[in-house]
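Student: Numbering follows numbering that gives the first Met the number 0, in which position 299 of the sequence shown is assigned residue number 298; successive positions increment by one, without gaps.
Idealized CB from N, CA, C, for every residue including glycine.
In this text the structure is predicted, and so the values were computed from the model without any measurement.
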Amino acid sequence: MSITLLFGVHAHQPVGNFPQVIDDAHIRCYGMFLRVMENYPEFRFSVHFSGWLLDVLLERFPEDMARLKAMTQRGQVEWFGSGDCEPVLAAIPHRDRVTQIATLSDKIEKYFGARPSGAWLTERVWESSVVPALVETGIRYVAVDDYHFLCAGEDGAKLDSFFTTEEDGKSLDLFPISEAARYRLPFSKAEDAVAWLEDLARQGHHAAIYFDDIEKFGIWPETYEWVFEKGWLKQFVEGVLRSELIRTDSFTNYHARQKTRGIVYLPTTSYIEMNEWTLPAERSQKLHALIQAEKAAGRFEAHKPFLRGGIWRNFMSRYTEANWMHKRMLGASQRLATLAPAQRSAAMQEHLHRAQANDAYWHGLFGGLYLPHLRRAVWSNLLALEAALTAVVPTADCEKFDIDYDGHLELILRDGDLQAFVRDDGDAALVELSSLKLMHNFGDTLRAYPEVYHAKIDQAQTEHLADGGIASAHDRVAFLQPIQPQDAAPDERPRGMFMERLGNIEGVLRPLDCYVSDSEPGRWIAQVEKFRIEKTYRLDADGLSVGFRVLGAGLPAMIETELNLALPSCDGYGGRYVLADGSIPGGFGQEQAFENMRKITLEDSELGGALIISATRPMRFEAAPHRTVSQSEAGFEKIMQAVCIKLSWTPLVGADQRILLKVVTAS
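1) Comparing alpha-carbon positions, which option in 422, 658, 394 and 452 lies nearest residue 442?
2) Starting from residue 358, follow the alpha helix (DSSP H) in both directions and report where the run begins and ends.
3) Excluding the five sequence neighbours on either side, which residues of its own chain have a C-beta within less than 7 Å of the C-beta of residue 242, listed in chain order?
4) Assuming the contact rule is C-beta atoms closer than 8 Å, residue 536 and residue 412 should be a hit. Round their C-beta distance to whole Å, please.
5) Which first and last residues belong to the alpha helix (DSSP H) in which residue 550 is found?
6) Going by DSSP, name the residue or residues bridged to residue 172.
7) With a threshold of 7 Å on Cβ separation, who are the neighbours of residue 348 within its own chain once the five nearest residues in sequence on each side are excluded?
8) With 16 other CB atoms within 10 Å as the buried threshold, where does residue 215 fall?
9) Are the CB atoms of residue 644 and residue 622 nearer to each other than 8 Å?
10) Could you spell out the range, first to last residue, of the beta strand (DSSP E) harbouring residue 80?
11) Skipping 5 residues on each side, what residues in its chain have a beta carbon closer than 7 Å to that of residue 686?
12) Leaving out the 5 sequence neighbours to the left and right, which residues in its chain are closer than 6 Å to residue 650 when beta-carbon positions are compared?
13) In this structure, how does DSSP classify residue 654 when only helix, strand and coil are distinguished?
14) Can you list, in chain order, the residues of its chain whose CB lies under 6 Å from that of residue 169, leaving out five sequence neighbours each side?
15) Measuring straight from C-alpha to C-alpha, what distance separates residue 166 and residue 544?
16) According to DSSP, is residue 564 part of a helix, a strand, or is it coil?
17) So, is residue 400 buried or exposed, given that buried needs 16 or more other C-beta atoms within 10 angstroms?
18) Taking only three categories from DSSP, how would you classify residue 647?
19) Below 8 Å between beta carbons: does that hold for residue 264 and residue 163?
20) Here's a check: name, in chain order, each residue in its chain whose Cβ is nearer than 7 Å to the Cβ of residue 74, leaving out the five neighbours to either side.
21) Taking the C-alpha atoms as reference points, what is the distance between residue 460 and residue 220?
22) Look at the Cβ atom of residue 79, then the Cβ atom of residue 119, and state whether they are nearer than 8 Å.
23) Do residue 355 and residue 107 have their beta-carbon atoms positioned less than 8 Å apart in this structure?
24) Can you check which of these residues, 503, 629, 509 and 329, is closest to residue 448 by C-alpha distance?
25) How big is the Cα-Cα spacing for residue 346 and residue 437?
26) Check each candidate in 33, 600 and 569 and name the one with the smallest Cα separation from residue 584.
27) Per the DSSP calculation, residue 398 is bridged to which residue(s)?
28) Would the segment 384 to 404 count as touching the segment 319 to 327 if we require 3 or more Cβ pairs under 8 Å?
29) On a Cα-Cα basis, can you pick out the residue from 541, 516 and 331 that is closest to residue 533?
30) On the DSSP letters alone, give me the boundaries of the beta strand (DSSP E) that residue 453 sits inside.
31) Terminal residues of the continuous beta strand (DSSP E) containing residue 7?
32) Less than 8 Å separating the beta-carbons of residue 435 and residue 385?
33) Comparing C-alpha positions only, which one of 392, 249, 337 and 199 sits nearest to residue 174?
34) Under DSSP, the alpha helix (DSSP H) around residue 438 begins and ends at which residues?
35) I'd like to check one pair, residue 614 with residue 663: are the Cβ atoms closer than 8 Å?
36) Where does residue 521 fall in DSSP's three states?
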């Protein structure tokens, strides 16, 4: 008896990723993979390319896309759809799921002449609520992990074909992706992988279902040499085609000739590693220790379905920055949905789709929350959409409601091009200052969080496996630059703008976190011992003005306010400080300190503008880069998130200290 190999690969690059990264990915992986596979027309396989990446490849590598089209037309390649800009479908409204899926299906049909019947689920995040949108857009089946089925109580021995589920009377078929296949291909030797498939055939399995990241075939560390230079892919394909026990086919053909294994209802979940990443560091460590103990005792495979972590949406609970971005996106989606059809445009829809790209909303071994340029891509599209929406339906200059559902109201100030959002909590800090013209959020930074992998910082890089294969990215410990444990110390307070501390004559600082909102919008009052501090925010076309006034007795020796400013150049060549006399003391990646400062300009060539900070009274100016330590498949790295500026002055009774942030655009 033969076994059907259903072989699929998923190609994706985040919206906003650097062009050189995409070029390198195509040169080392996408293009190489296609050129190998076109030599074997009998080897059928499936592909999913996210829509934004597909647009880039069609423009930059038309010859390879023509090659892919020819392989499609001869029946070798089957296309899978999904959301166009790779959103987690469960995290966006139904209306946007429909437009995202339909957009990519239309694109595939236009350029490759095939309309997908199957869909790839981003990060294999399953919630039953996505079923109606998939069915409504013509999707008949999706592929999710076999782990999902095990968590539903299914017998692992029967996960060699598709099942059926339904939601609100709409049915969808589900293919279980083999975890054993995902961990073997392409990391074990090619002949061993073929032999494993043949063993499955002898055991009577109907299908071996593989669908995973194509980046494992050339982009992950060591895989280019392994897959292409040492010939793993060629050896595997030829071994499969030589085998009398293995046949390849498309999901479509297999689906047409087989009957469902029956009804199944999957729990809300993703792949097992993702479920662990969604947990806070302390909980994740406990889950990891439990898993390791079960493995050591030889019970893991039997108990795996019951060892679950969190769900993908937990990233919104875990990272306040991801939650803020997500809820701002939902608000823009709702505004777009309320427009009359004649008021909407294709550009608006495209900006919304790009703002829903999953990568910047989460973090694990993969995920791009820690990468400023990916968050910036979300904000750029979100603010471009808001600018277009405001041009059609203007918004109020002042509003107050709990945008991110954290129990604290946010004051929203708008004036022309600028938007300021102040959280009404004890800090009364600015959480967003955005320019619609520049399409940039100066508050788009990330605090230093404790991460479970920080415990690995003192480990050495994992060597090659003894069995002749290569290490998966999940098992490697590498360092892209020197990092010490103290570099990963978590922040005690959020990284906002205008976060105050009070200093005594000995120079000891303590947080000022007892602000209470006043009846006057934009004004907060902090009562401290025998004095009080009044803090006011004013926004006009010239910029944001923040005023401080102290009344009473026993004043502090110093008031310090901290601004964490996200600037596109970060520690690159394009960002620099410019003093009032025109001199340039250095760049954003360097520490700076000046006394009696009244004005300084932060110029950024990537931004296409500058931010001017000025004050009514002299103040001390200190600046340093804020960096976080994170781990990706390439290794540990320190990433600059923002410029951390501290402004301090000696308060006088009744005297105002006003600080103005003025956004200017390049001429």
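Tutor: Looking at the coordinates:
1) 422
2) Per DSSP, residue 358 belongs to no alpha helix (DSSP H) and is neither H nor E.
3) Taken in chain order, the residues that qualify are 193 and 197.
4) Contact between residue 536 and residue 412 holds, with the beta-carbon distance rounding to 6 Å and staying under 8 Å.
5) Per DSSP, residue 550 lies in no alpha helix (DSSP H) segment; the continuous beta strand (DSSP E) that holds it begins and ends at 542 to 551.
6) DSSP, once it has assigned bridges, lists 140 and 163 as partnering residue 172.
7) 98
8) buried
9) yes
10) 76 to 80
11) Only positions 0 to 666 of the chain appear in this structure, which leaves residue 686 out of reach.
12) Excluding positions up to five away in sequence, the list reads 549, 554 and 558.
13) coil
14) Within its own chain, the residues whose Cβ lies closer than 6 Å to the Cβ of residue 169, once the five positions on either side in sequence are excluded, are 130, 131 and 134, listed in chain order.
15) The alpha-carbon atoms of residue 166 and residue 544 are separated by roughly 52 Å.
16) strand
17) exposed
18) strand
19) no
20) none
21) Its pLDDT being 39, under 50, residue 460 is placed unreliably in this model, and the coordinates cannot settle the point.
22) yes
23) With contacts defined by Cβ atoms closer than 8 Å, residue 107 and residue 355 do not form a contacting pair.
24) The candidate whose alpha carbon is nearest that of residue 448 is 629.
25) 17 Å
26) Ranking 33, 600 and 569 by Cα distance to residue 584 puts 600 first.
27) 411
28) yes
29) The residue with the shortest Cα to Cα distance from residue 533 is 516.
30) Counting along the chain, residue 453 falls outside any beta strand (DSSP E), and DSSP gives it neither H nor E.
31) 2 to 10
32) yes
33) Of the candidates 392, 249, 337 and 199, the residue whose Cα lies closest to the Cα of residue 174 is 249.
34) Unbroken run through residue 438: none, as it is neither H nor E.
35) Not a contact, by the Cβ cut-off of 8 Å.
36) coil
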